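J.: In terms of the numbering used here, the numbers along the sequence shown are unbroken and rise by one, the last being 293.
The beta carbon of each residue, even a glycine, is placed where N, CA and C say it ideally should be.
Just so you know, these numbers come straight off a predicted model, no measurement behind them.
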Amino acid sequence: MRRYSSGMVPNPLPQSDEYARTLRALGTGVRIDTISDAGRCLIQTRAFLLIGQVNLISRGPVGVTPDDAAAYLHRLDLKGPLVVNADNHDFRGAGHIRLARAKSVALLSLSSPDAMRAAFHQKWRNALNRVEDTGLRVTNTPYHPVRHNWVTAADDAQQKAKRYRNWPLSLLNTFAAENPGRARVITAFDAKTPLAAMLFLCHRPWATYHIGVTLPEGRRRNAHNLTLWHMMLWLAARGYTTLDLGLLTGPDSLDRFKLRTGAARHDLGGTWLRLPRIRRQFPSIQVPSGQKA
């Protein structure tokens with residue numbers, strides 16, 4: 001299982017203070033535990049009719065070894081079931097049942113402009129060179145629900161057409177309201193006509209790619225290479241260390257676009273379930289040998 005590369009301070013979005021502020025504003029219970037010297041874990045708690053309290057750890061715990069993460073979860077006493085979308089740990093044998101296999105994300109290290117540009121795959125760099133020569137204008141502004149309605153509307157249409165789900169708009173708008181200036185929209189214009197836009201969520205020292213939309217002309221002119229490059233420069237100049245480009249789930253062209261930036265594939269730890277009552281009686285519950293989870 002792959003761990004973070006040297007120098008990366010782990011702060012995925014669902015474990016960040018910015019995300020905690022957003023959840024609390026929406027009425028979700030949030031608890032942040034400190035683990036050892038550098039580790040931490042954000043736990044979400046929600047109450048559901050008939051089910052009662054359900055707890056969720058997403059992309060955590062972070063900043064700890066696999067053994068420390070397992071020990072922390074073993075002693076964690078919560079009311080109700082616990083679902084863990086693990087960051088990079090395998091909790092087999094720690095009293096958890098695996099619900100889903102591990103996925104991967106693309107993590108891009110941010111450094112000097114020369115170093116970042118040198119890390120590009122040649123085809124990605126060539127596409128950036130071509131679009132830089134076309135004279136497109138690029139803006140970087142805080143997300144605004146009204147001014148950037150065209151971006152979220154285009155993303156909503158894209159979700160329906162490609163059958164995937166992103167955050168509810170209320171969650172994005174609350175993040176922007178609770179964390180002023182940390183939701184950023186990078187837009188590429190031909191004169192006054194927007195060709196493409198990307199929306200990023202900043203949670204120092206990391207940032208996360210959230211939305212990308214483009215018109216056919218923007219796609220033809222590689223406008224997304226330009227918007228992503230401008231965001232990389234903006235983040236690096238402000239001391240951000242890592243850009244999370246999101247899940248690597250396809251299509252292949254999108255995964256190639258992410259990885260050709262020089263991003264590293266980071267394997268997550270899968271989804272796990274702990275039922276407290278069963279755990280007390282049978283502390284070593286696992287998926288039976290040979291059974292697919």
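For residue 241 and residue 119, what's the separation of their Cα atoms in angstroms?
T.: As a position in the sequence shown, residue 241 is number 241, starting the count at 1. As a position in the sequence shown, residue 119 is number 119, starting the count at 1. Cα to Cα, the separation comes out at about 15 Å.
J.: In angstroms with no decimal places, state the Cα-to-Cα distance between residue 30 and residue 87.
T.: Taking the first residue of the sequence shown as position 1, residue 30 is located at position 30. Taking the first residue of the sequence shown as position 1, residue 87 is located at position 87. Cα to Cα, residue 30 sits roughly 18 Å from residue 87.
J.: What whole-angstrom Cβ distance do residue 99 and residue 273 have, given they're in contact under 8 Å?
T.: Position 99 of the sequence shown, counting from 1, holds the residue named residue 99. Position 273 of the sequence shown, counting from 1, holds the residue named residue 273. With 8 Å as the limit, residue 99 and residue 273 qualify as a contact, their Cβ atoms being about 5 Å apart.
J.: Does the segment 186–194 come within contact of the segment 221–230, defined as at least 3 CB pairs closer than 8 Å?
T.: Result yes; three or more Cβ-Cβ pairs closer than 8 Å.
J.: With distances taken from CA atoms, which of 85, 105, 103 is nearest residue 96?
T.: Numbered from 1 along the sequence shown, position 96 holds the residue referred to as residue 96. Closest by alpha carbon: 85.
J.: Taking the CB atoms as reference points, tell me whether residue 33 and residue 24 lie closer together than 8 Å.
T.: Stepping through the sequence shown from its first residue, residue 33 is reached at position 33. Stepping through the sequence shown from its first residue, residue 24 is reached at position 24. Cβ distance not < 8 Å, so residue 33 and residue 24 don't count as in contact.
J.: Please confirm whether residue 104 and residue 252 have their CB atoms less than 8 Å apart.
T.: By one-based count along the sequence shown, residue 104 stands at place 104. By one-based count along the sequence shown, residue 252 stands at place 252. Not in contact: residue 104 and residue 252 (Cβ atoms no closer than 8 Å).
J.: For residue 22, name the three-state secondary structure that DSSP assigns.
T.: Your numbering for residue 22 matches position 22 in the sequence shown. Residue 22 falls in the helix class under three-state DSSP.
J.: Might you give, ordered along the chain, the residues of its own chain that have their beta carbon closer than 6 Å to the beta carbon of residue 218, omitting 5 neighbours on each side?
T.: Position 218 of the sequence shown holds residue 218. Closer than 6 Å at the Cβ level, and outside the excluded window around residue 218, lie 195, 196.
J.: By the three-class DSSP mapping on this structure, what secondary structure does residue 106 have?
T.: Position 106 of the sequence shown, counted from the start, is the residue given in the question as residue 106. Residue state, collapsed to three classes: strand.
J.: Output needed for residue 127: all residues of its chain with C-beta closer than 7 Å, excluding positions within five of it in sequence on either side, in chain order.
T.: If you number the sequence shown from 1, residue 127 lands on position 127. Closer than 7 Å at Cβ, skipping near neighbours: 222, 225.
J.: Throw me the rounded Cβ distance for the residue 20 and residue 56 pair, which I believe falls under 8 Å.
T.: What you label residue 20 is simply residue 20 of the sequence shown in a count that begins at 1. What you label residue 56 is simply residue 56 of the sequence shown in a count that begins at 1. Not confirmed; about 13 Å, so no contact.
J.: Compute the beta-carbon to beta-carbon distance between residue 201 and residue 13, rounded to the nearest angstrom, for a pair I have assumed lies under 8 Å.
T.: Position 201 of the sequence shown holds residue 201. Position 13 of the sequence shown holds residue 13. Rounded, the Cβ-Cβ distance is 6 Å, consistent with contact.
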